[in-house]
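Protein chains in written order, with this note's numbering: chain Z, 32 to 177; chain P, 32 to 177. Taking it in order: structure first as structure tokens, then the write-up.
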DNA sequence: GTATTAATAGAAATGGTTTCTATTTATATT
DNA sequence: AATATAAATAGAAACCATTTCTATTAATAC
Ligand SMILES: [Zn+2]
Ligand SMILES: [Zn+2]
Ligand SMILES: [Zn+2]
Ligand SMILES: [Zn+2]
């Protein structure tokens, strides 16, 4: 989650291509989570040629490399978000305006420890996400959401 | 999550149909999470006619009514699990054998409180799931998984 | 038993996502 | 700077899990 995209990509053994950098820029300049298609529409303003599969591929690679984070949306579509917070944490996402807010208090360390001790399993990944309506959206419409 | 399916369905204003009951039976008799298509294949052993859309619809209704629980799988396909534990809790799911184990210690109450206080948002839903490899699978193959 | 409303089967459509292949581009090496 | 190499890309096509649609059937209340 560094600002020096070049070195971040090199660390991940990903070539530094204009499209890749542009995808990162798009996400970095957004305060909300975006779908691959939305990222693609924004990219087309800068590039005459750009394929949607390229966007999908890059977003997935970047998420794998922990440069961006994936949003687990109830509608089960893909969304990505560029998070500046470098430490382990989770998100409160607004289902209406798509704002993302950090949940900095992570009790996962405790949880993981107990899972290991009590269940004797190996943790591969975990999801902790709180879905709801943000302060602003609650004021706006009292809480109706799609 | 009661064993008396009839009354459970009535409470949800869902008609008590043979297919509906059979879907619940299928899930109840499984110790692992199942995809809609897998539930459907099992149903076809009992019913000469049964549509896959019926299975999808029923599973979704039952999940909405908190009779069964949905699994948030990394592969983003739908899976459902019948959980006997009636209290609020979360799951450790095995990515290899699909075993589900309860995580009974839920720190979510604390989390929710702080989200409300600090972010002033409304919580609509939350996901907390730990994905990994269960004790048995770790022994079996040392941890390789699809 | 009748009326009412929900549930269903089966076919068809949907659409987000992935695959495929030829071409281009970034990077390392001379 | 020129060359080699392996990765990245565009565009078209395929995929396939999930949803929609409509006529028919079945459950429930009265
Ligand atoms: Zn909002
Ligand atoms: Zn965490
Ligand atoms: Zn297992
Ligand atoms: Zn919880």
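Just so it is clear, CB atoms sit at the ideal spot from N, CA and C, and this is done for glycine as well.
Shown here, residue 61/Z sits in coil according to DSSP, grouped into three states, outside any helix or strand. Only buried fits residue 121/Z, as 16 or more other CB atoms lie within 10 angstroms of its CB.
Boundaries for residue 153/Z: no alpha helix (DSSP H) harbours it, while the beta strand (DSSP E) harbouring it runs 153-164, taken from the DSSP string.
With contact defined as three or more Cβ pairs closer than 8 Å, the region 124-138 of chain Z and the region 69-87 of chain Z are not in contact. At a C-beta separation below 9 Å, residue 151/Z has these neighbours in chain P: 165, 166, 169. Neighbourhood of ligand 1, defined by CB distance below 6 Å to any of its heavy atoms: 125/Z, 127/Z, 128/Z, 130/Z, 164/Z, 165/Z, 167/Z, 168/Z, in chain order.
Close partners of residue 162/P in chain Z (Cβ separation under 9 Å): 154, 155, 156, 157, 158. By the beta-carbon neighbour count (other beta carbons within 10 angstroms, threshold 16), residue 108/Z is exposed. When secondary structure is reduced to three states using DSSP, residue 100/P falls in the strand class. Taking C-alpha positions only, residue 123/Z is separated from residue 162/Z by approximately 6 Å. Ranking 164/Z, 65/Z, 67/Z by CA distance to the CA of residue 155/P puts 164/Z first. Along the region 129-147 of chain P, the positions whose C-beta sits under 8 Å from a C-beta of chain Z are 132, 134, 136, 138, 141, 142, 143, 145, 146, read in chain order. Excluding the 5 residues flanking it on each side, residue 103/P has same chain C-beta neighbours closer than 6 Å at 158, 160, in chain order.
Residue 53/Z holds the alpha-carbon nearest to the alpha-carbon of residue 90/Z among 53/Z, 62/Z, 143/Z, 118/Z. For residue 109/P, the secondary structure class from DSSP, reduced to helix, strand or coil, is strand. Within the same chain, Cβ atoms closer than 6 Å to the Cβ of residue 71/P are found at 83, 86, the five residues on either side in sequence being excluded.
In the DSSP assignment, residue 78/Z falls outside any beta strand (DSSP E), carrying neither H nor E.
Below the 7 Å Cβ cutoff, chain Z contributes 146, 150, 152 as neighbours of residue 123/P, in chain order.
Taking 9 Å as the cut-off, the beta carbon of residue 96/Z is found closer than this to the beta carbon of residue 39/Z. For residue 107/Z, a Cβ of chain P is located within less than 9 Å of the residue's own Cβ. In this structure residue 92/Z is in contact with residue 45/Z, their Cβ atoms being roughly 6 Å apart against a cut-off of 8 Å.
Residue-level contact check: residue 103/Z touches chain P, since one or more beta carbons of chain P fall below 9 Å from its beta carbon.
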